[in-house]
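Here's the structure, in structure tokens; my notes come after.
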Amino acid sequence: TPKNMPLWVCGDSKDIKTLADGEYDFVFSCPPYHDLEVYTDDSRDLSNMDYDTFLVTYEHIIKEATSMLKNNRFACFVVGDVRDKKGFYKNFVSRTTDIFEKAGLRLYNEIILITSLGTLPIVAAKTFNPGRKVCKAHQNVLVFYKGDIKQIKETFREVCVLEMDEYNEPRPME
Numbered sequence: 001t002p003k004n005m006p007l008w009v010c011g012d013s014k015d016i017k018t019l020a021d022g023e024y025d026f027v028f029s030c031p032p033y034h035d036l037e038v039y040t041d042d043s044r045d046l047s048n049m050d051y052d053t054f055l056v057t058y059e060h061i062i063k064e065a066t067s068m069l070k071n072n073r074f075a076c077f078v079v080g081d082v083r084d085k086k087g088f089y090k091n092f093v094s095r096t097t098d099i100f101e102k103a104g105l106r107l108y109n110e111i112i113l114i115t116s117l118g119t120l121p122i123v124a125a126k127t128f129n130p131g132r133k134v135c136k137a138h139q140n141v142l143v144f145y146k147g148d149i150k151q152i153k154e155t156f157r158e159v160c161v162l163e164m165d166e167y168n169e170p171r172p173m174e
């Protein structure tokens with residue numbers, strides 16, 4: 001059996017301390033972007049809540065999860081902005097940053113994850129022409145840090161980064 005196999009825990013994220021109490025090295029999530037996609041008909045599902053209830057619950061989940069994060073460690077959330085019923089942005093990315101800062105973590109890195117365009121060019125004309133709404137083709141990968149950033153070099157090993165020409169070299173099939 002490989003070392004450090006993941007342990008998958010199923011349950012309500014609000015109950016994280018009961019489900020998986022302990023200290024952890026990393027927190028990662030790609031939470032629902034409020035009601036952009038509805039996942040279930042369960043009233044406890046974040047995607048079914050009104051926005052105010054969603055934010056209170058979301059904040060609770062982040063607070064609980066990050067309280068279990070060891071000091072001098074990272075947390076990463078993949079989020080994207082969504083629009084309200086009137087068409088204005090809800091500022092979900094900014095609110096996520098505010099919630100993490102309230103929990104004692106600071107935004108350390110932001111990575112833009114470019115998503116597949118798929119049918120976006122077709123949809124874009126339908127949303128842009130009537131309302132001048134631009135379609136998103138990315139998500140925000142927000143990386144937060146808990147602790148003293150001066151400890152990063154001592155806490156984490158150096159990462160081996162390939163040179164660009166090494167990426168282009170043919171590799172044998174395994």
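Under this note's numbering, think of the first position of the sequence shown as 1, with each following residue one higher.
For glycine and all other residues, C-beta sits at the position ideal for the given N, C-alpha and C.
### Task
Please report the residue range of the beta strand (DSSP E) in which Phe175 lies.
Nothing can be reported for residue 175: it is not among the residues displayed for the chain, which extend from 1 to 174.
### Message
Is it buried or exposed, Val79, if we count other Cβ atoms within 10 angstroms and call 16 or more buried?
### Response
If you number the sequence shown from 1, residue 79 lands on position 79. Classification for Val79: buried.
### Task
Alpha carbon to alpha carbon, how far is Asn72 from His30? Give it in angstroms, no decimals.
On the sequence shown, position 30 is the one that residue 30 refers to. On the sequence shown, position 72 is the one that residue 72 refers to. The question names His, yet the displayed sequence has Cys at residue 30. Approximately 22 Å, taken between the alpha carbons.
### Task
May I ask you to report which of helix, strand or coil DSSP gives Lys146?
Stepping through the sequence shown from its first residue, residue 146 is reached at position 146. Note: Lys146 maps to strand in three-state DSSP.
### Query
When the Cα atoms are used, what is the spatial distance from Leu183 to Glu163?
Residue coverage of the chain in this structure runs from 1 to 174, which leaves residue 183 outside it and unanswerable.
### Nearest-angstrom beta carbon gap, Glu59 and Ile99 [assumed within contact, 8 Å]
In the sequence shown, counting from the first residue as 1, residue 99 sits at position 99. In the sequence shown, counting from the first residue as 1, residue 59 sits at position 59. Indeed, because the Cβ distance is near 5 Å, the residues count as touching under 8 Å.
### Message
For a test of the three-state rule: what should DSSP assign to Asn58, helix, strand or coil?
### Response
Position 58 of the sequence shown, counting from 1, holds the residue named residue 58. Rather than Asn, the amino acid found at residue 58 in this sequence is Tyr. Tyr58: helix per DSSP, three-state reduction.
### Given 8 Å, three or more beta-carbon pairs between the region 104 to 123 and the region 136 to 144
yes
### Message
To the nearest angstrom, how far is the alpha carbon of Met49 from that of Gly11?
### Response
Position 49 of the sequence shown, counting from 1, holds the residue named residue 49. Position 11 of the sequence shown, counting from 1, holds the residue named residue 11. About 17 Å.
### Query
Is Glu110 helix, strand or coil when you go by DSSP?
Sequence index remark: in the sequence shown, residue 110 carries index 110 (1-based). Note: Glu110 maps to strand in three-state DSSP.
#### Entry: Between the CA atoms of Asn129 and Pro121 - distance to the nearest angstrom
In the sequence shown, residue 121 corresponds to position 121, counting from 1. In the sequence shown, residue 129 corresponds to position 129, counting from 1. If I take the Cα positions, the gap works out to 12 Å.
### Query
Quick one: Cα of Val159 to Cα of Lys150, how far?
Locating residue 159 in the sequence shown gives position 159, where the first residue counts as 1. Locating residue 150 in the sequence shown gives position 150, where the first residue counts as 1. Approximately 17 Å between the Cα atoms of the pair.
### Task
Assuming Val9 contacts Ala20 (C-beta within less than 8 Å), just tell me the rounded distance between them.
To locate residue 9, count along the sequence shown from 1; it is residue 9. To locate residue 20, count along the sequence shown from 1; it is residue 20. Confirmed, Cβ separation roughly 5 Å.
### Task
Determine the extent of the alpha helix (DSSP H) in which Asn17 is found, giving its start and end residues.
For the purposes of this step, residue 17 is taken as residue 17 along the sequence shown, with counting starting at 1. The sequence as given places Lys at residue 17; Asn does not occur at that position. Run containing Lys17: Ile16 to Ala20, per the alpha helix (DSSP H) assignment.
### Query
Looking at C-alpha atoms only, which residue of Glu101, Ala125, Cys135 and Ala103 is the closest neighbour of Ile114?
Residue mapping note: residue 114 aligns to position 114 of the sequence shown, counting from 1. It is Cys135.
### Message
Using a Cβ-Cβ cutoff of less than 8 Å, which residues in the same chain neighbour Phe92 once the five nearest sequence positions on both sides are dropped?
### Response
Looking up residue 92 in the sequence shown gives position 92. The answer, listed in chain order, is Tyr33, His34, Val79, Gly80, Asp81 and Val82.
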